[in-house]
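Residue numbers (the numbering used here), protein chains in the order written: chain A, -17 to 331; chain B, -17 to 331.
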């Protein structure tokens, strides 16, 4: 597997990204191509031993975090993210990983890879830790104004992803709403509920926000506005809880001693909920694989994103999506044929 | 102040609700009227000393948690929640508190109180603890499909509430979106952003989900679908974090000892984030005051809800809303007049 890493994306600079790439190639048999400022990348590589499985493709431009996505992709043709997707288009690499401007990464994927057949809205899937296993939420920010058909496709793509990455044969799909009964939710959710109900997917109905972390559902479907708000509310709350807890503990000497003793437990807990474990959010619905990482990604997150990207390609997530879509269409066709025949029979009477 | 408490709502039964009412009248000079099954309420009251400030209005029907809101209000005319709002309509009480079916509580408020002049969509405001002070989010579940004008009014109502309850003169209002720049968000948010920008309110622009818990904004505006999802994601995550932390701590003896020592700090932390501190979500935009409590509310939550309900009436939150609306209309009128005069001047030239 050969992964392209946008070495200019992210808030921490190339050193952290390069360190992640080095860790990934040392732990696997993947190759990584680093794209970006040759000087900066070479300097970062000097901290590590020389590896044949790390390559550099120099680029001269950088898409900044607040650049307009489509505009920057058009203007900055020699930026690390644009060249990375161009390499993927030419099949010189197998997948792209970027911790840069996520809108621009989406835009580059649309331009160079194009949509998978049968998918109208590709998107971003988020992976959350829960009390049991991980849960996949889609979309988490790529599509803010959606129609029912788009949400339905998010369910198909996220289910295929869940099967491929976590080995779940028929992932339980839940539709994020504000009540568990099918009649509850906004207009978009009510119409999407009908689409899922008619499908052969393992749809368990509406789920509520609190179900996100219990682990009783494998896939949670929502529009990108709601998904992104959830993602950021979760991040903000987790940070606030730990900060308030630290604050209370620091107020008493006894509690401080207690914290010292329980420190390993806190560390294990942090590891358990660490966003770095899965590296980032996979781009789903494109002719090609990619992972969008958090801007703050550390080396571990980048390493894991590279591994997940390779898994997506090795296990052919896109073929899984195509099979699921084909099954759904077949069922719909049979259904339509059945109805036509019933109508004919009714006519004969 | 005289508050009506729906003694049949909530998951914990009348004992807990009655205990909350007793605590409230003991700590304040308020009176409370308990509505519900006379036998059950009298039995619950026997655990407390006799108080002249607690009254009973017997009712024979109960709206269940999964009853259809408007249907149950129409059919169950002698239910505790319906009679409570009828008493408020007749001004025999000053406000209503209910931990029952929140949809039915909204429906009863619409039927008996009606909307405040100038408000098209009354709603529910949620109160969140943050690293600094509390933040008010509106709407948190009453209105799932909204137009920009509705969101704008949520901002007006929540700002008036924030002023009244927390003494903030010009609450900072943020619009919940998925990026801080004004151009980011879905269609609804972009259009709402324009309305706020033109208003005299203290609008600070878009805020993201993570800003909910930092305390840098006083009011967060969103539609009821997004707000309710946020509320439940937050509840679910807070529970999951504490549960995972307990789980890690229980794995080692040393950590258990540590936890024992830090226990008070954990308790203080829990108190700090406890939903019970503000009792529940105020109903805003009606000709009358009400608080919708969590179904799981304990006596403390009920006590605090009764106190907050009394504050809303005492400080006349509805008058504050009317004043804010009048200021906005005046500004719009001046703006329009100014434009007309400019047009005339242009014509004279």
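Think of the CB as a built atom: it goes at the ideal place given N, C-alpha and C, for glycine as much as any other residue.
Contact of residue 216 of chain A with chain B by beta-carbon distance below 7 Å involves 215, 219. Look at residue -8 of chain B here: in three-state DSSP terms it is coil, with no helix or strand label. In the three-state scheme derived from DSSP, where H, G and I count as helix and E and B as strand, residue 300 of chain B is classed as helix. Residue 120 of chain A sits in a strand when the DSSP states are folded into three classes.
Here residue 171 of chain B has 157, 159 as same chain residues with Cβ atoms under 7 Å from its own Cβ, once five neighbours each way along the sequence are excluded.
Residue burial annotation: residue 284 of chain B is buried, with at least 16 other C-beta atoms found within 10 angstroms of its C-beta. At least 8 Å separates the CB of residue 279 of chain B from every CB of chain A. Proximity of residue 196 of chain A to chain B, defined by a Cβ-Cβ separation below 8 Å, is satisfied. Taking C-beta separations shorter than 7 Å and ignoring five residues to either side along the sequence, the partners of residue 294 of chain A in its chain run 77, 146, 264, 271, following chain order. In terms of CA proximity to residue 144 of chain B, B:109 leads the group B:162, B:166, B:109, B:114. Contact of residue 188 of chain B with chain A by beta-carbon distance below 7 Å is absent, the smallest such distance being about 11 Å.
In chain order, 58, 60, 61 place their CB closer than 6 Å to the CB of residue 43 of chain A, counting only its own chain and leaving out the 5 sequence neighbours on each side.
The way I'd put it, the segment 90 to 103 of chain A does touch the segment 63 to 78 of chain A; three or more beta-carbon pairs between them come closer than 8 Å. Per DSSP, the unbroken beta strand (DSSP E) holding residue 17 of chain B starts and ends at 13 to 18.
Residue 273 of chain A and residue 311 of chain A have their C-alpha atoms some 28 Å from each other.
About 25 Å separates the beta carbon of residue 72 of chain B from that of residue 102 of chain B, a gap too long to meet the 8 Å contact definition.
Below the 7 Å Cβ cutoff, chain A contributes no neighbours of residue -2 of chain B, its closest Cβ being approximately 21 Å away. Counting along the chain, residue 81 of chain B sits inside no alpha helix (DSSP H), nor does DSSP assign it H or E at all. Here residue 228 of chain B carries a helix assignment [DSSP, helix/strand/coil]. At least one C-beta of chain A is nearer than 8 Å to the C-beta of residue 226 of chain B. From the listed residues B:276, B:288, B:122, B:299, the smallest Cα separation to residue 81 of chain B is found for B:276.
Following the DSSP letters along the chain, one finds residue 36 of chain A inside the beta strand (DSSP E) bounded by residues 36 to 40. Separation of residue 290 of chain A and residue 121 of chain B (C-alpha to C-alpha, rounded to the nearest whole angstrom) is 38 Å. DSSP places residue 158 of chain A in the uninterrupted beta strand (DSSP E) bounded by 155 to 158. Beta-bridge analysis with DSSP links residue 132 of chain B to no other residue. Using a Cβ distance threshold of 8 Å, residue 23 of chain B and residue 4 of chain B do not count as a contacting pair. In the three-state DSSP reduction, residue 5 of chain B falls in the helix class (H, G or I). The beta carbon of residue 240 of chain A sits closer than 8 Å to those of 231, all from its chain and outside the five residues before and after it, given in chain order. Secondary structure note for residue 106 of chain A: its beta strand (DSSP E) is the uninterrupted segment 105 to 110. With 16 or more other Cβ atoms inside 10 Å of its own Cβ, residue 178 of chain B counts as buried. Close partners of residue 274 of chain B in chain A (Cβ separation under 7 Å) are lacking, with about 14 Å as the shortest Cβ gap. Beta-bridge annotation (DSSP): residue 179 of chain B is not paired with any residue. With a threshold of 8 Å between beta carbons, residue 199 of chain A makes no contact with chain B.
A straight line joining the alpha-carbon of residue 152 of chain B with that of residue 141 of chain B spans about 8 Å. The segment 208 to 223 of chain A and the segment 179 to 193 of chain B touch, with three or more beta-carbon pairs separated by less than 8 Å.
Distance from the Cα of residue 203 of chain A is smallest, within the candidate group A:235, A:288, A:139, A:111, for A:139.
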